[in-house]
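Novice:
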Amino acid sequence: AAGVIQSPRHLIKEKRETATLKCYPIPRHDTVYWYQQGPGQDPQFLISFYEKMQSDKGSIPDRFSAQQFSDYHSELNMSSLELGDSALYFCASSSSGRFYNEQFFGPGTRLTVL
Amino acid sequence: DQQVKQNSPSLSVQEGRISILNCDYTNSMFDYFLWYKKYPAEGPTFLISISSIKDKNEDGRFTVFLNKSAKHLSLHIVPSQPGDSAVYFCAASAASNFGNEKLTFGTGTRLTIIP
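Just so you know, the protein sequences line up as chains A and B, in that order. Every number in my numbering is 2 more than the matching position in the first sequence, counting from 1. Every number in my numbering is 1 more than the matching position in the second sequence, counting from 1.
Here it is, written out as structure tokens:
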């Protein structure tokens with residue numbers, strides 16, 4: 003079965019640079035979520051999109067922005083990178099239509115800021 | 002403020018025995034709970050979920066129990082197998098018309114199955 007695809011898997015950037023992370027949801031999933039997991043921490047919700055509209059926003063810095071495109075893939079844009087942005091970034095997807103829906107996660111992008 | 006807590010950072014269990022992982026939550030708005038398993042360098046893998054209208058859900062070797070009054074849930078794995086060694090995250094969300102609420106995760110429990 004198709005899973006959530008994230009690219010790149012690893013990314014190394016310098017401070018103050020920009021980074022773009024991509025997420026391709028499971029086919030027919032209409033909701034995409036972004037989570038950030040710092041070292042030794044639990045995943046923290048950043049932002050989500052439903053049918054290409056932002057549906058919820060968590061602890062996402064103003065330096066970050068994201069969008070969901072017509073093919074439902076999503077991109078997380080990160081600017082003015084800081085050392086503290088080094089983390090695993092997970093994308094998850096789900097389908098809507100019921101009160102409860104499981105979220106399925108991609109393998110993550112490991113971002114290292116030097 | 003940690004709304005979902007897993008008070009045991011680690012747990013070791015003999016192969017073949019039962020593994021019990023615990024999770025507590027504080028937010029009364031949560032009514033859907035999920036367990037994820039995570040290997041290093043991989044994303045969380047969905048294991049099993051339960052909604053607040055149930056107190057038990059079973060899927061193969063995995064059973065989740067929910068005690069709403071105590072705001073507590075647990076994951077039972079029986080029998081435990083070496084491949085179960087991983088970090089287990091408890092997650093919670095609220096219901097919505099579209100079922101696409103964000104997840105709030107616990108801090109995780111590292112389960113080690115001893116052969």
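Note that the Cβ used here is the ideal one computed from N, Cα and C, for glycine as well.
Find the nearest neighbour of B/ASP32 within the set B/LEU12, B/HIS73, B/ASN23, B/ILE19, judged by alpha-carbon distance.
Specialist: The shortest Cα separation from B/ASP32 among B/LEU12, B/HIS73, B/ASN23, B/ILE19 belongs to B/HIS73.
Novice: Please state if the CB of A/CYS25 and the CB of A/SER76 are separated by a distance shorter than 8 Å.
Specialist: Closer than 8 Å, so yes.
Novice: Using CA coordinates, which residue listed in B/ALA87, B/SER75, B/GLN4, B/ILE114 is at the minimum distance from B/SER29?
Specialist: Checking every option, the nearest Cα to that of B/SER29 belongs to B/GLN4.
Novice: Mind pulling the beta strand (DSSP E) runs of 3 or more residues that sit fully within the region 2-57 of chain B?
Specialist: Fully enclosed beta strand (DSSP E) runs of 3 or longer: 11-15, 20-26, 33-39, 46-52.
Novice: Hey, would you say A/LEU48 sits closer than 8 Å to A/GLY40, going by beta carbons?
Specialist: Their beta carbons are not under 8 Å apart, which means A/LEU48 does not touch A/GLY40 by this criterion.
Novice: Between the alpha carbons of B/LYS57 and B/SER81, how many angstroms are there, rounded?
Specialist: Their backbone Cα atoms lie some 19 Å apart in a straight line.
Novice: Is the beta carbon of A/VAL34 less than 8 Å from the beta carbon of A/GLN70?
Specialist: Cβ distance < 8 Å, so A/VAL34 and A/GLN70 count as in contact.
Novice: Alpha carbon to alpha carbon, what distance is there between A/ALA4 and A/SER81?
Specialist: Straight-line Cα distance between these residues: approximately 31 Å.
Novice: According to DSSP, A/TYR26 sits in a beta bridge with which residue or residues?
Specialist: Paired residue(s): A/ILE7.
Novice: Start and end of the beta strand (DSSP E) containing B/TYR89?
Specialist: Residues 87-94.
Novice: Let me see if you follow: with CB-CB separation under 8 Å, is B/ALA71 close to chain A or not?
Specialist: B/ALA71 does not count as touching chain A.
Novice: Taking all protein chains shown into account, do 16 or more other C-beta atoms lie within 10 angstroms of the C-beta of A/ASP44, making it buried, or fewer, making it exposed?
Specialist: When all chains shown are included, A/ASP44 counts as buried.
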